[in-house]
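Using my numbering, read the sequence shown as starting at 9 and increasing by one per residue. Note that the Cβ used here is the ideal one computed from N, Cα and C, for glycine as well. Data block below; observations after.
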Amino acid sequence: MDAFLDPRPGWITIGGTDHLVYVAGLVVLAVLLVTQRDRVRAHATTVRRVLLGVVVVQQLTLYGFYAATGWDNAESLPLHVSRVSALLGLVYLATGNRRVMDVLFYFGLWAWASFSYPQNIQPVDNILGWSFFVNHAVTLLMPVLAHVTTGWLPTRAGLWRAVRWFLVYVGVAVVANALTGGNYFYQREKPLLPWLGQPWYFLASVAATFALFWIGYAVARLVAVRAGVATDEDRPGASLAPGRSRW
């Protein structure tokens, strides 16, 4: 129990046991979602409500733990990309709004990097490690759930919407870092290219985000074409009005 509630348990090793457990857990959930998609589709409302409850518990646990162990604005604010994505996921589960999913899909692409190359992540037997897994697993699989249950697919219009919201986010993160000494958007403790100074690291991070968004769109589009799935862009007038819920 002491290890589970330790606010500073140390970090996991990339490729270590804890990292592999996280990856295995994500793979199991992904396989279940894909292989049981007919059941998921048939019980979409129940699945959505259960996931909504899980995300609410995760959010309350995360910020409640920070409050109980010493709130620090430099670390505890919901301004990491993964935390913003979790909040977007919560809103999507509550409303089914497709515009929210558009932004969540592109913001959530950073979760792939965090899951593949974890930095400053707590171990499996720690409450913050559990929070990390739930946050990232839901973020990564939410677009698949949206496609299975509503036919949602990423679009270029959604990409540009995500770009606009990203610019707002990164502006808030920069201001928060200046005021709190925080590391939001990883601009102080640099996981990659630590030798690159500012403002070049910031500009490189923004450019990498734009590239990641386009790569994510291109890969999703390729997968849809290979699977013979027509996107909303291929079927003018076939989609719901932007932003309309499908729950």
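Item                                                                                                                       : Value
Those runs of the alpha helix (DSSP H) which lie wholly inside the stretch 102-141 and span at least 4 residues            : 106-124
Length of the line joining the Cα atoms of Leu130 and Glu197                                                               : The displayed chain sequence assigns Gln, not Leu, to residue 130. The straight-line gap from Cα to Cα measures roughly 16 Å.
Which of helix, strand or coil DSSP assigns to Asp80                                                                       : coil
The stretch 130-142 in contact with the stretch 107-114 per 3-pair CB rule at 8 Å                                          : no
Phe12, DSSP secondary structure in three states                                                                            : coil
Sequence-distant residues of its chain with Cβ nearer than 8 Å to Pro15 (five each side left out)                          : Phe73, Thr77, Gly78, Leu136
Alpha-carbon spacing of Leu175 relative to Leu34, whole angstroms                                                          : 29 Å
Cut-off 8 Å between Cβ atoms - residues of its own chain near Val111, not counting five sequence neighbours on either side : Leu96, Gly166, Arg169, Ala170, Trp173
Straight-line Cα distance separating Asp10 from Ala219                                                                     : 42 Å
Reduced DSSP secondary structure (H/G/I, E/B, other) of Gln206                                                             : coil
Of the residues Leu68, Ala38, Val182, the one placed nearest Gln195, counting alpha carbons only                           : Val182
Sub-8 Å separation of Val152 and Arg49 beta-carbons                                                                        : no
Local conformation of Leu87 per DSSP, three classes                                                                        : coil
Nearest neighbour of Gly190, chosen from Val233, Ser84, Leu40 [CA to CA]                                                   : Ser84
Check: Val108 C-beta below 7 Å from any heavy atom of the ligand FMN                                                       : With respect to the ligand FMN, the structure offers nothing, as it holds no ligand at all.
Pairwise C-alpha distance: Pro207 and Phe140                                                                               : 29 Å
Beta-carbon proximity list for Leu187, same chain, < 7 Å, skipping 5 on both sides                                         : none
Span separating the alpha-carbon of Ala82 from that of Ile20                                                               : 21 Å
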